[in-house]
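*Asks:*
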Amino acid sequence: MKIAFLGSRGIPACYSGFETFYEQLATRLVRRGHSVTVYSRSHFTKYAAREYKGVCIVRLPCIHSKHLETISHTFLSTIHALFQRYDIAYYSIVGNAPLACLPRLVGTRTLLNVDGEDWAREKWTGFAKSYLRWCERLSSKTANVLISDAHRVQDRYSEVYGVQTVFAPYGANIQSDERIGALTKRGLKERDYILFVGRLVPENAADLLIEAFGRVKTNMKLVIVGDAPYVDAYKDRIHAMAGDRVVFTGYVFGEEYVQLSSHAYLYVQPSGVDGTRPALLDQLGMGNCVLVRDSAVNMEVVGDCGVTFDRSCMQTSLVEKLQELVDSPDVIESCRSKARSRIEKYYNWEWITDFYEDLFKRMLTKQPIHSYDDFLAARRA
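Numbering (the numbering used here), first residue to last: 103 to 483.
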């Protein structure tokens with residue numbers, strides 16, 4: 103098949119979950135003999151080659167602004183895609199919904215991954231928030247298939263819009279790295295720090311974690327991995343509130359990311375926007391105990407492999423849970439013992455690639471579409 107991935111910043115992944123998802127899925131599809139193209143933003147991706155692990159990279163410009171960057175780049179990517187006659191065009195981000203209908207004019211079958219409640223992110227206000235809500239309603243009319251990354255997201259589209267989506271989760275790799283070079287250069291010790299990974303935007307709640315950590319009785323450090331554009335005021339605020347025990351690393355990928363993850367005592371995800379966080383799956387794949395806000399999607403992903411704190415009294419509950427886990431290494435070890443199995447038996451990248459390969463073929467031959475759970479059940483049967 104000839105497949106295109108549009109709407110993200112591009113690969114190799116150097117920003118967030120959709121980029122990681124595209125990289126993992128695209129490279130696996132290429133190894134299975136398919137022709138795959140990923141559209142990248144020329145100002146953002148430093149990777150200048152036209153190919154990455156067999157995946158064709160098309161670098162195009164965009165309007166460099168918070169509100170227009172994604173839609174302008176996806177528009178140019180879509181115009182380019184119209185002349186390539188792809189079999190499948192996979193779009194990410196619900197804000198790209200108005201464009202997902204265009205490749206259908208030349209016979210391309212399109213998918214749109216609606217992610218979580220994008221409109222609920224604090225960076226969007228006024229018109230942008232209304233636009234994203236409108237895109238949610240529009241999405242079922244523009245793409246052939248809508249993808250939801252969690253059952254809760256699937257349920258919300260059904261309840262609010264009467265729209266059926268296809269459940270397909272993100273995956274993770276089972277990995278670890280015993281080397282400690284990434285720790286040494288930042289003054290860290292093994293199992294002596296708590297880890298946060300995510301974009302430094304308000305909805306990911308790094309400020310909530312930093313404030314709670316300051317009230318925990320421990321000599322451990324808190325490591326904040328991530329960054330973000332267009333939120334300088336927020337980043338300045340969390341840097342100002344952080345004490346000497348908080349370490350900001352900026353963006354970290356590849357070997358250093360795996361090393362920092364492999365040697366953490368605990369991973370914390372305080373984010374409040376519904377939608378699967380690929381970083382959370384990564385941490386389970388690296389065998390970490392995880393502490394997450396008790397949102398429906400977080401609990402769906404974590405299962406019995408982690409601990410939750412109460413979103414109705416977030417600050418107090420987060421402090422209490424952090425203190426309990428700092429004082430209970432036996433609980434940490436119990437969660438670690440189950441984490442990798444959670445990934446191997448469900449959030450497995452090879453199985454997810456199998457699913458997408460089957461889904462794309464079904465779309466092209468107009469066969470009935472299955473969800474990931476139905477696909478696994480049929481395979482096991």
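Note that the Cβ used here is the ideal one computed from N, Cα and C, for glycine as well. In this text, all values refer to a predicted model and were calculated from it rather than measured experimentally.
For residue 126, report the span of its alpha helix (DSSP H) as first-last.
*Replies:* DSSP places residue 126 inside the alpha helix (DSSP H), whose first and last residues are 119 to 133.
*Asks:* Which complete beta strand (DSSP E) runs does the stretch 277 to 364 hold, if anything under 3 residues is left out?
*Replies:* 295 to 299, 323 to 327 and 348 to 352
*Asks:* Could you give the first and the last residue of the continuous alpha helix (DSSP H) run that contains residue 455?
*Replies:* It spans 451 to 467 - the alpha helix (DSSP H) in which residue 455 sits, taken as one unbroken run.
*Asks:* Relative to the alpha-carbon of residue 395, which residue among 293, 412, 323 and 243 has its alpha-carbon at the smallest distance?
*Replies:* 412
*Asks:* Drop a sphere of 10 angstroms on the beta-carbon of residue 332, count the other beta-carbons inside from all chains shown, and report buried for 16 or more, exposed for fewer.
*Replies:* exposed
*Asks:* Are the stretch 161 to 168 and the stretch 185 to 192 in contact at 8 angstroms, needing three or more beta carbon pairs?
*Replies:* no
*Asks:* Counting beta carbon pairs with one atom in the stretch 337 to 352 and one in the stretch 267 to 280, are three or more of them shorter than 8 angstroms?
*Replies:* no
*Asks:* Could you check what DSSP says for residue 249 in three-state terms: helix, strand or coil?
*Replies:* Reduced to three states, the DSSP call for residue 249 is strand.
*Asks:* From residue 212 to residue 247, what distance separates their C-alpha atoms?
*Replies:* 7 angstroms
*Asks:* Exposed or buried, residue 198, counting other C-beta atoms within 10 Å across all chains shown (16 or more means buried)?
*Replies:* Flag for residue 198 reads buried.
*Asks:* Helix, strand or coil for residue 262 per DSSP?
*Replies:* DSSP places residue 262 in helix when its eight states are reduced to three.
*Asks:* Leaving aside the five residues before and after residue 111 along the sequence, list all residues of the same chain whose C-beta is less than 6 angstroms from its C-beta, in chain order.
*Replies:* 117, 121, 143 and 146
*Asks:* From residue 288 to residue 250, what does the alpha carbon distance come to, in whole angstroms?
*Replies:* 38 angstroms
*Asks:* Please name the residue, chosen from 450, 445 and 478, that lies closest to residue 460 on a Cα-to-Cα basis.
*Replies:* For the residues 450, 445 and 478, the minimum Cα distance to residue 460 belongs to 478.
*Asks:* Quick one: residues in its chain with C-beta nearer than 7 angstroms to the C-beta of residue 165, no 5 flanking neighbours on either side, listed in chain order?
*Replies:* Closer than 7 angstroms at Cβ, skipping near neighbours: 171 and 174.
*Asks:* Quick check on the DSSP output: the alpha helix (DSSP H) that includes residue 197 runs from which residue to which?
*Replies:* Premise fails: residue 197 is in no alpha helix (DSSP H) and is neither H nor E.
*Asks:* Should residue 329 and residue 356 be called a contact, given that it needs their Cβ atoms to be closer than 8 angstroms?
*Replies:* No, these two residues do not count as a Cβ contact at 8 angstroms.
*Asks:* Given residue 444, which residues of its chain have a CB within under 7 angstroms of its CB, disregarding the five upstream and five downstream residues?
*Replies:* Closer than 7 angstroms at Cβ, skipping near neighbours: 386, 405 and 407.
*Asks:* Quick check on residue 191: buried or exposed, where buried means 16 or more other Cβ atoms within 10 Å of its Cβ?
*Replies:* buried
*Asks:* Pop quiz: residue 363 and residue 388 are said to be a contact at Cβ under 8 angstroms. What is the actual Cβ separation, rounded to whole angstroms?
*Replies:* 5 angstroms
*Asks:* Considering Cα atoms alone, identify which of 432, 214, 393 and 202 is closest to residue 298.
*Replies:* 393
*Asks:* For the stretch 199 to 210 against the stretch 250 to 265, are there 3 or more C-beta pairs whose distance is under 8 angstroms?
*Replies:* no
*Asks:* Mind checking who residue 106 pairs with in its DSSP beta bridge?
*Replies:* Residue 106 is bridged to 139 and 191.
*Asks:* How is the alpha helix (DSSP H) around residue 444 delimited, first residue to last?
*Replies:* Note, residue 444: alpha helix (DSSP H), 431 to 446.
*Asks:* Comparing alpha-carbon positions, which option in 313, 321, 302 and 322 lies nearest residue 337?
*Replies:* Of the candidates 313, 321, 302 and 322, the one whose C-alpha sits nearest the C-alpha of residue 337 is 302.
*Asks:* From this set, 365, 410 and 452, which residue's C-alpha is nearest residue 130's C-alpha?
*Replies:* 452
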